[in-house]
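J.: Mind looking over this structure? Questions follow.
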Amino acid sequence: MIVNVSDIINERGAEKEFSGEVKFKNTVYQGDKLSFLSPFDVEGKFTNGRNYLYLSASIHGEIVIPCSRCLEPYTHKIDQSIFVKLSSRVDIMENDDPDLFTYTGNRVELDRIVYEYTLLKLPIKRVCSLDCKGLCPKCGTNLNRHKCNCDRDDDIDIRLLELKKLLPSDSEEV
Ligand SMILES: [Zn+2]
Ligand SMILES: [Zn+2]
Numbered sequence: 753m754i755v756n757v758s759d760i761i762n763e764r765g766a767e768k769e770f771s772g773e774v775k776f777k778n779t780v781y782q783g784d785k786l787s788f789l790s791p792f793d794v795e796g797k798f799t800n801g802r803n804y805l806y807l808s809a810s811i812h813g814e815i816v817i818p819c820s821r822c823l824e825p826y827t828h829k830i831d832q833s834i835f836v837k838l839s840s841r842v843d844i845m846e847n848d849d850p851d852l853f854t855y856t857g858n859r860v861e862l863d864r865i866v867y868e869y870t871l872l873k874l875p876i877k878r879v880c881s882l883d884c885k886g887l888c889p890k891c892g893t894n895l896n897r898h899k900c901n902c903d904r905d906d907d908i909d910i911r912l913l914e915l916k917k918l919l920p921s922d923s924e925e926v
């Protein structure tokens, strides 16, 4: 999605509202398959500031991603407000400000901005629900759906064993 800002570019304080859609191709991100069922809705406003063009916008969309616990795909909702500074000077990127983007001519390309503010800010731990039980570490059963007969008390047993090591043994020879 490209917004033409030529009508505000020469007038300080001028504003331009816009709304539209940003489409993404299904992709693999951090080893996870991401699917986009529909384009993202983006609406917002450009303001011509003193040194920068300012963009404030809201992004709404849905991504289907695998749950990091049970591996089942689930719909992750994106509802994000962004505030971005834009400069037409390419050299200005040197200052490493993550909220600073560049544009060329009178055209602002929004896809990369929307991408960076949604995908790159996805939580590291992506779970289908906070109480997702995940997969059984022994047989791989999805524990949200089925029970399995595996003995999964291993971690408790290990803790008990550690405790026993700390206790004095009563069979010690004197
Ligand atoms: Zn899950
Ligand atoms: Zn199991």
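Here the sequence shown stands for residues 753 to 926, numbered as in the working numbering.
Just so you know, even glycine gets a beta-carbon here, dropped at the ideal spot from N, CA and C.
Touching or not, the stretch 872 to 889 and the stretch 833 to 841, by the rule of three or more beta carbon pairs under 8 Å?
T.: In short, these stretches do not touch, since the Cβ pair count stays below three.
J.: Are Phe-798 and Leu-789 touching if we call contact CB-CB under 8 Å?
T.: Result no, Cβ atoms of Phe-798 and Leu-789 do not sit closer than 8 Å.
J.: Could you check if Ala-766 is buried or exposed, using at least 16 other CB atoms within 10 Å of its CB as the buried criterion?
T.: So Ala-766 counts as exposed.
J.: Provide the residue span of the beta strand (DSSP E) that contains Glu-861, from first to last.
T.: It spans 859 to 861 - the beta strand (DSSP E) in which Glu-861 sits, taken as one unbroken run.
J.: Given the structure, does Lys-890 come close to ligand 2, in the sense that its CB is under 7 Å from one of the ligand's heavy atoms?
T.: Lys-890 Cβ: within cutoff of ligand 2.
J.: Could you give the DSSP three-state label for Leu-872: helix, strand or coil?
T.: DSSP places Leu-872 in helix when its eight states are reduced to three.
J.: Can you tell me whether Leu-862 is buried or exposed? The criterion is at least 16 other CB atoms within 10 Å of its CB, across all chains shown.
T.: Leu-862 comes out buried.
J.: Considering only residues of the same chain and omitting the five flanking positions on each side of Thr-779, which have a CB-CB separation below 6 Å?
T.: Only Leu-786 meet the Cβ criterion.
J.: Is the beta carbon of Leu-895 less than 8 Å from the beta carbon of Cys-888?
T.: Their beta carbons are under 8 Å apart, which means Leu-895 touches Cys-888 by this criterion.
J.: Less than 7 Å between the CB of Arg-821 and some heavy atom of ligand 1, yes or no?
T.: Indeed, a heavy atom of ligand 1 lies less than 7 Å from the Cβ.
J.: Pick helix, strand or coil for Val-879, following the three-state DSSP scheme.
T.: Coil, per DSSP.
J.: Specify the secondary structure class of Tyr-826 as computed by DSSP and reduced to three states.
T.: In this structure, Tyr-826 counts as strand in the three-state DSSP scheme.
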